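Here the numbering used here is used: the first residue of the sequence shown is 25, the next is one more, and so on. Here's the structure, in structure tokens; my notes come after.
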Amino acid sequence: MYTLGIDIGSTTSKCVIVKNGKEIIASSIIIAGTGTEGPNQAREEVLIKSGLKQEDLSYVVVTGYGRTTYTDADAEISELSCHALGVKHIFPDVRTIIDIGGQDAKVLSINEKGNMVNFLMNDKCAAGTGRFLDVMAGILQLDINDLEIKASEATNPVKISNTCTVFAESEVISQLAAGVELNNLVAGICNSVAGRVASLAKRIGIKEKVCMSGGVARNGGVRNALSKELGVEIFYSPSAQLMGSLGAALAAYNKVK
Ligand code: ADP
Numbered sequence: 025m026y027t028l029g030i031d032i033g034s035t036t037s038k039c040v041i042v043k044n045g046k047e048i049i050a051s052s053i054i055i056a057g058t059g060t061e062g063p064n065q066a067r068e069e070v071l072i073k074s075g076l077k078q079e080d081l082s083y084v085v086v087t088g089y090g091r092t093t094y095t096d097a098d099a100e101i102s103e104l105s106c107h108a109l110g111v112k113h114i115f116p117d118v119r120t121i122i123d124i125g126g127q128d129a130k131v132l133s134i135n136e137k138g139n140m141v142n143f144l145m146n147d148k149c150a151a152g153t154g155r156f157l158d159v160m161a162g163i164l165q166l167d168i169n170d171l172e173i174k175a176s177e178a179t180n181p182v183k184i185s186n187t188c189t190v191f192a193e194s195e196v197i198s199q200l201a202a203g204v205e206l207n208n209l210v211a212g213i214c215n216s217v218a219g220r221v222a223s224l225a226k227r228i229g230i231k232e233k234v235c236m237s238g239g240v241a242r243n244g245g246v247r248n249a250l251s252k253e254l255g256v257e258i259f260y261s262p263s264a265q266l267m268g269s270l271g272a273a274l275a276a277y278n279k280v281k
């Protein structure tokens, strides 16, 4: 039995097809989120990659920020439940999930059964989200993929003192003008996001194991900085950005079963 999970985010659309509630058959990530053609493109791409047709899918669950306006699914489920399900499938022992997406950051506490028991979210401020990194990468004319390697080569990371993204943008431009080395600026930017999210995580209380999900988890600079700030190992899967869509595909399987 094949089930499809669709995660429609603020910046990206993700799809995962799972076979018999276990194995990931195919996935897709399109950099276009809610209100765009992104969800349809992600769905088309995952079907092509899997070699399946629409009729082969037993059930479709949609999740994420744009889930309520998507009409082509059998059910919709909150992204919190889907991230918890997806992460539990990959890391059964995880008790804290730190999910940093394109415009918000969430920290979830989950119990041994994989059920969410508490969560905290920052969706009011771009600092501490992927948006902050996207804006800074734009100023520095870097690809979002390049931030990790640049941060790892820093010798003396700068401290970004402004917490507001707009002011931090001016600060980074001044630092650039003052001749601060690019690697040190990028490390400072990653540290700034990690610092903001660590405060959120400390408020909820960290229980190990801790893992990151969401697109920003792909940035090793933020992962390492967060691990240092919290004093814990951060578990990470290369499928981190797909955790919501994986959880949705697993939820779809559970519905049919
Ligand atoms: P949403 O679900 O809100 O659309 P995602 O969880 O898909 O958000 O995360 C999107 C964010 O992930 C982007 O804002 C970007 O900062 C970050 N990101 C995406 N791809 C990469 C990558 N290859 N390396 C580092 N960061 C990435």
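Ideal Cβ placement from N, Cα and C applies to all residues, glycine included. Remember, it's a predicted structure, so these values are computed and weren't measured experimentally.
The ligand ADP heavy atoms versus the CB of residue i: any closer than 7 Å?
{"i": "Leu171", "result": "yes"}
{"i": "Tyr26", "result": "no"}
{"i": "Tyr89", "result": "yes"}
{"i": "Gln127", "result": "yes"}
{"i": "Leu166", "result": "no"}
{"i": "Gly75", "result": "no"}
{"i": "Ile265", "result": "First, the residue type needs correcting, since residue 265 is Gln and not Ile in the sequence shown. Yes; taking the cut-off as 7 Å, the Cβ of Gln265 has a heavy atom of the ligand ADP nearer than that."}
{"i": "Thr36", "result": "yes"}
{"i": "Val240", "result": "yes"}
{"i": "Asn243", "result": "yes"}
{"i": "Asp147", "result": "no"}
{"i": "Gly33", "result": "yes"}
{"i": "Leu157", "result": "yes"}
{"i": "Gly59", "result": "no"}
{"i": "Gly110", "result": "no"}
{"i": "Gly271", "result": "no"}
{"i": "Gly154", "result": "yes"}
At which residues does the alpha helix (DSSP H) containing residue i begin and terminate?
{"i": "Met267", "result": "267-280"}
{"i": "Ile114", "result": "103-114"}
{"i": "Met160", "result": "154-163"}
{"i": "Ser176", "result": "171-176"}
{"i": "Ala192", "result": "189-201"}
{"i": "Ile184", "result": "Note, Ile184: premise wrong, no alpha helix (DSSP H); not H, not E."}
{"i": "Val84", "result": "Unbroken run through Val84 is the beta strand (DSSP E), 81-87; no alpha helix (DSSP H)."}
{"i": "Asn248", "result": "244-254"}
Decide if residue i is buried, meaning its Cβ has at least 16 other Cβ atoms within 10 Å, or exposed.
{"i": "Gln127", "result": "buried"}
{"i": "Cys39", "result": "buried"}
{"i": "Asn243", "result": "buried"}
{"i": "Asp167", "result": "exposed"}
{"i": "Asn146", "result": "buried"}
{"i": "Phe191", "result": "exposed"}
{"i": "Gly162", "result": "exposed"}
{"i": "Asp123", "result": "buried"}
{"i": "Gly33", "result": "buried"}
{"i": "Pro63", "result": "buried"}
{"i": "Gln78", "result": "exposed"}
{"i": "Asp96", "result": "exposed"}
{"i": "Glu47", "result": "exposed"}
Identify the continuous beta strand (DSSP E) that holds residue i and give its terminal residues.
{"i": "Glu47", "result": "47-54"}
{"i": "Gly29", "result": "26-32"}
{"i": "Ile134", "result": "129-134"}
{"i": "Asn146", "result": "140-146"}
{"i": "Cys214", "result": "Counting along the chain, Cys214 falls outside any beta strand (DSSP E), though it belongs to the alpha helix (DSSP H) covering 206-228."}
{"i": "Ile72", "result": "Segment 62-74 is the alpha helix (DSSP H) holding Ile72; no beta strand (DSSP E) there."}
{"i": "Ser237", "result": "234-237"}
{"i": "Cys39", "result": "37-43"}
{"i": "Ile168", "result": "From DSSP, Ile168 is part of no beta strand (DSSP E); its letter is neither H nor E."}
{"i": "Thr95", "result": "Element bounds for Thr95: n/a, residue is neither H nor E."}
Would you grab the beta carbon distance between residue i and residue j for me? Rounded to a whole angstrom, and I think it's under 8 Å.
{"i": "Met25", "j": "Ser82", "result": "5 Å"}
{"i": "Gly268", "j": "Gly110", "result": "6 Å"}
{"i": "Val221", "j": "Ala129", "result": "5 Å"}
{"i": "Leu28", "j": "Ala275", "result": "That belief does not hold up - the Cβ atoms of Leu28 and Ala275 are roughly 11 Å apart, past 8 Å."}
{"i": "Ala99", "j": "Lys279", "result": "6 Å"}
(request) May I ask you to verify whether the region 216-227 touches the region 141-151, counting CB pairs closer than 8 Å and requiring at least 3? (result) Verdict: yes, contact present.
(message) Check whether the region 46-64 and the region 82-100 touch, using three or more Cβ-Cβ pairs below 8 Å as the test.
(response) Touching, yes.
(message) Taking contact to mean 3 or more Cβ pairs, one atom from each stretch, closer than 8 Å, check whether the region 219-234 and the region 122-137 are in contact.
(response) A contact exists between the region 219-234 and the region 122-137.
(message) Check whether the region 255-270 and the region 183-190 touch, using three or more Cβ-Cβ pairs below 8 Å as the test.
(response) No: the two stretches stay apart, fewer than three of their Cβ pairs being nearer than 8 Å.
(request) Assess, as a yes-or-no matter, whether the region 201-209 is touched by the region 109-123 under the definition of 3 or more beta carbon pairs within less than 8 Å. (result) Taking 8 Å as the limit for Cβ pairs, the verdict is that the region 201-209 does not touch the region 109-123.
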